[in-house]
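J.: Residue numbers (this note's numbering): 6 to 301. Beta carbons: idealized from backbone N, C-alpha and C, even for Gly. First the structure, then my questions, so here it is.
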Amino acid sequence: MSTANTAKLKEQFDAGLETRADFTIDQPTERYGAVDHAVWQQLYARQTALLKGRVCDEFLAGVDCIGMPHDRVPSFDEINAKLTPATGWQIVAVPGLVPDQVFFEHLANRRFPVTWWMRRPDQLDYLQEPDCFHDLFGHVPLLINPVFADYMHAYGRAALAANDAGALPLLARLYWYTVEFGLIRDAASPNGVKIYGAGIVSSKGETLYSQQSAAPNRLGFDLERVMRTRYRIDTFQKTYFVIDDFAQLFGVAQTDFAPLLAKLATEPAFAAGDVLEQDRVITHGSQEGWQADGDI
Ligand SMILES: [Fe+2]
Numbered sequence: 006m007s008t009a010n011t012a013k014l015k016e017q018f019d020a021g022l023e024t025r026a027d028f029t030i031d032q033p034t035e036r037y038g039a040v041d042h043a044v045w046q047q048l049y050a051r052q053t054a055l056l057k058g059r060v061c062d063e064f065l066a067g068v069d070c071i072g073m074p075h076d077r078v079p080s081f082d083e084i085n086a087k088l089t090p091a092t093g094w095q096i097v098a099v100p101g102l103v104p105d106q107v108f109f110e111h112l113a114n115r116r117f118p119v120t121w122w123m124r125r126p127d128q129l130d131y132l133q134e135p136d137c138f139h140d141l142f143g144h145v146p147l148l149i150n151p152v153f154a155d156y157m158h159a160y161g162r163a164a165l166a167a168n169d170a171g172a173l174p175l176l177a178r179l180y181w182y183t184v185e186f187g188l189i190r191d192a193a194s195p196n197g198v199k200i201y202g203a204g205i206v207s208s209k210g211e212t213l214y215s216q217q218s219a220a221p222n223r224l225g226f227d228l229e230r231v232m233r234t235r236y237r238i239d240t241f242q243k244t245y246f247v248i249d250d251f252a253q254l255f256g257v258a259q260t261d262f263a264p265l266l267a268k269l270a271t272e273p274a275f276a277a278g279d280v281l282e283q284d285r286v287i288t289h290g291s292q293e294g295w296q297a298d299g300d301i
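This is the structure:
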């Protein structure tokens, strides 16, 4: 999500974009060229075809509701014209990753920072940092869902408080295992799960892997368990946490995080691939292809 990447920011400053104190810019729509629009079109077509039957219904409903264009990079204003009246959220353009505190302040005010630039044609399958396709196609459809919208808002406020309390890693794990890499129960689907996390829905490889591979663990979501679990940023996840439904996230949004953070402050973290006795195990991963180290 939001480690400052000064090289990318510097590149944008050098390009003459005026960045405000909250790291937002006006979306420089005039800078998109034919290649950017073609990359959007290709990724949009590929992911929407792949996601049919694999992503949760709420995501597809969000794509429809927002009316995201399939053949060009969307204008953020046109997205907001649909999004803001529905749930009070708006997207704001940023040059790239922004500092944690800035990112959470945006979320706590129902603003979702979206990277303005598009990846190159040789980066369709993998990109180290989020681009416009990941941020917009991956994250924004669920922001028009009222329950998920409230969860993201509550998350932003909790993360600000956690940052002040020096407990950010606990909240970072929650974001990772829900907003980015969350799965949701669906009895009729392979391994009993569908997808909702943005890091999965914007990735061809992880869409297939997270739902169908025998390698990863798929465990029932438990808030404390998730907040204590390290994760991977360099490979597919070793473990996915599976919510029963979005109502479960609504419950998380009601949590009083201060006592929970205090309680967990002294508890050791679990490795990304651990399966514990108390876990609700949906699939116990074969561990094929797992690397031994590198958990964050
Ligand atoms: Fe993301």
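Whose C-alpha, out of Leu88, Gln259, Leu132, Val152, is nearest the C-alpha of aspartate 250?
T.: Locating residue 250 in the sequence shown gives position 245, counting from the first residue. Measuring from the Cα of aspartate 250, the nearest candidate turns out to be Val152.
J.: For valine 107, I'd like the list of residues in its chain whose CB is within less than 7 Å of its CB, leaving aside the five on either flank, ordered along the chain.
T.: Counted from its first residue, the sequence shown places residue 107 at position 102. Asp27, Phe28, listed in sequence order.
J.: Assuming the contact rule is C-beta atoms closer than 8 Å, alanine 164 and leucine 148 should be a hit. Round their C-beta distance to whole Å, please.
T.: As a first step, residue 164 must be located in the sequence shown, where it is residue number 159. As a first step, residue 148 must be located in the sequence shown, where it is residue number 143. Incorrect: roughly 16 Å between the Cβ atoms, too far for contact.
J.: Whole-angstrom Cβ separation of isoleucine 205 and valine 247, contact assumed at under 8 Å?
T.: Position 200 of the sequence shown, counted from the start, is the residue given in the question as residue 205. Position 242 of the sequence shown, counted from the start, is the residue given in the question as residue 247. Isoleucine 205 to valine 247, Cβ: 12 Å. No contact.
J.: Quickly, what does DSSP pair phenylalanine 275 with across the bridge? List them, please.
T.: For the purposes of this step, residue 275 is identified with residue 270 of the sequence shown, where counting begins at 1. For phenylalanine 275, which the question treats as bridged, DSSP gives the partners Thr234.
J.: Who are glycine 209's beta bridge partners in DSSP?
T.: Stepping through the sequence shown from its first residue, residue 209 is reached at position 204. According to the sequence as given, residue 209 is lysine; it is not glycine. According to DSSP, which records beta bridges pairwise, lysine 209 is partnered with nothing at all.
J.: Is the stretch 284-301 in contact with the stretch 251-270, if contact means three or more CB pairs nearer than 8 Å?
T.: Result no; under three Cβ-Cβ pairs closer than 8 Å.
J.: With 16 as the cutoff for other CB atoms within 10 Å, does threonine 92 come out buried or exposed?
T.: Here the question's residue 92 lines up with position 87 in the sequence shown. The residue is buried, with at least 16 neighbouring Cβ atoms inside 10 Å.
J.: Does tyrosine 131 have its Cβ less than 8 Å from a Cβ in chain B?
T.: Reference to chain B is not applicable here, since this structure consists of a single protein chain.
J.: Cα separation between arginine 190 and glycine 58?
T.: As a position in the sequence shown, residue 190 is number 185, starting the count at 1. As a position in the sequence shown, residue 58 is number 53, starting the count at 1. Taking the straight line joining both Cα atoms gives about 13 Å.
J.: Mind checking which residues open and close the alpha helix (DSSP H) that includes isoleucine 84?
T.: Sequence index remark: in the sequence shown, residue 84 carries index 79 (1-based). Unbroken alpha helix (DSSP H) run through isoleucine 84: 81-92.
J.: Please report the Cβ distance between alanine 98 and aspartate 41, rounded to the nearest whole angstrom; I am assuming they are in contact, meaning their Cβ atoms lie under 8 Å.
T.: Residue mapping note: residue 98 aligns to position 93 of the sequence shown, counting from 1. Residue mapping note: residue 41 aligns to position 36 of the sequence shown, counting from 1. About 14 Å separates the two Cβ atoms, so there is no contact after all.
J.: Using a 10 Å radius around the Cβ and a threshold of 16 neighbouring Cβ atoms, would you call serine 215 buried or exposed?
T.: Here residue 215 is taken as the residue at index 210 of the sequence shown, counted from 1. So serine 215 ends up on the buried side.
J.: Short of 7 Å in beta carbon distance, which residues of its chain neighbour arginine 51, apart from the five on each side in sequence? Order them along the chain.
T.: Taking the first residue of the sequence shown as position 1, residue 51 is located at position 46. Lys209.
J.: Taking 8 Å as the cut-off, decide whether the C-beta atoms of threonine 120 and glycine 101 are in contact.
T.: Here residue 120 refers to the residue found at position 115 when the sequence shown is read from its first residue. Here residue 101 refers to the residue found at position 96 when the sequence shown is read from its first residue. Yes, the pair counts as a contact, with Cβ atoms nearer than the cut-off.
J.: In three-state DSSP terms, what is arginine 116?
T.: Here residue 116 refers to the residue found at position 111 of the sequence shown. Residue state, collapsed to three classes: strand.
J.: Do phenylalanine 142 and tyrosine 49 count as a contact pair if the criterion is CB distance below 8 Å?
T.: Your numbering for residue 49 matches position 44 in the sequence shown. Your numbering for residue 142 matches position 137 in the sequence shown. Yes. Within cutoff.
J.: Note down, in chain order, each residue of its chain lying with its Cβ closer than 6 Å to the Cβ of leucine 132, except the 5 sequence neighbours on either side.
T.: Working through the sequence shown from its first residue, we reach residue 132 at position 127. Closer than 6 Å at Cβ, skipping near neighbours: Arg124.
J.: Going by other Cβ atoms of all chains shown within 10 Å of its Cβ, with 16 needed for buried, is aspartate 261 buried or exposed?
T.: On the sequence shown, position 256 is the one that residue 261 refers to. Exposed, because fewer than 16 other Cβ atoms sit within 10 Å of the Cβ of aspartate 261.
J.: On the DSSP letters alone, give me the boundaries of the alpha helix (DSSP H) that leucine 55 sits inside.
T.: Here residue 55 refers to the residue found at position 50 when the sequence shown is read from its first residue. 39-56 is the span of the alpha helix (DSSP H), which, as asked, contains leucine 55.
J.: Where does serine 291 land, buried or exposed, given buried means 16+ other C-beta within 10 angstroms?
T.: For the purposes of this step, residue 291 is taken as the residue at position 286 of the sequence shown. Result: exposed.
J.: Taking the alpha-carbon of proline 264 as reference, which of Phe275, Thr240, Gly187, Ala167 has the nearest alpha-carbon?
T.: For the purposes of this step, residue 264 is taken as the residue at position 259 of the sequence shown. The candidate whose alpha carbon is nearest that of proline 264 is Ala167.
J.: Quick check: is any heavy atom of ligand 1 less than 7 Å from the C-beta of alanine 203?
T.: If you number the sequence shown from 1, residue 203 lands on position 198. Yes, the Cβ of alanine 203 comes within 7 Å of a heavy atom of ligand 1.
J.: Can you tell me which of the three DSSP states asparagine 150 falls into?
T.: In the sequence shown, counting from the first residue as 1, residue 150 sits at position 145. Residue state, collapsed to three classes: coil.
J.: Determine the extent of the beta strand (DSSP E) in which leucine 188 is found, giving its start and end residues.
T.: Here the question's residue 188 lines up with position 183 in the sequence shown. 188-190 is the extent of the beta strand (DSSP E) around leucine 188.
J.: Buried or exposed for glutamate 23, going by 16 or more other Cβ atoms inside 10 Å?
T.: As a first step, residue 23 is located in the sequence shown; it is residue number 18 there, counting from the start. Exposed.
J.: What is the DSSP secondary structure of alanine 98, reduced to helix, strand or coil?
T.: Position 93 of the sequence shown, counted from the start, is the residue given in the question as residue 98. Of the three classes helix, strand and coil, the one that applies to alanine 98 here is strand, per DSSP.
J.: Measuring from the CB of histidine 111, is there a heavy atom of ligand 1 at a distance below 7 Å?
T.: Walking along the sequence shown from the start, residue 111 turns up at place 106. Not under cutoff, so the answer is no.
J.: For lysine 4, count the other beta carbons within 10 Å of its own beta carbon; 16 or more makes it buried, fewer makes it exposed. Which is it?
T.: Nothing about residue 4 can be reported from this structure: the residues present for the chain run from 6 to 301 only.
J.: Is the closest heavy atom of ligand 1 to the C-beta of glutamate 211 under 7 Å?
T.: In the sequence shown, residue 211 corresponds to position 206, counting from 1. For ligand 1, not one heavy atom lies less than 7 Å from the Cβ of glutamate 211.
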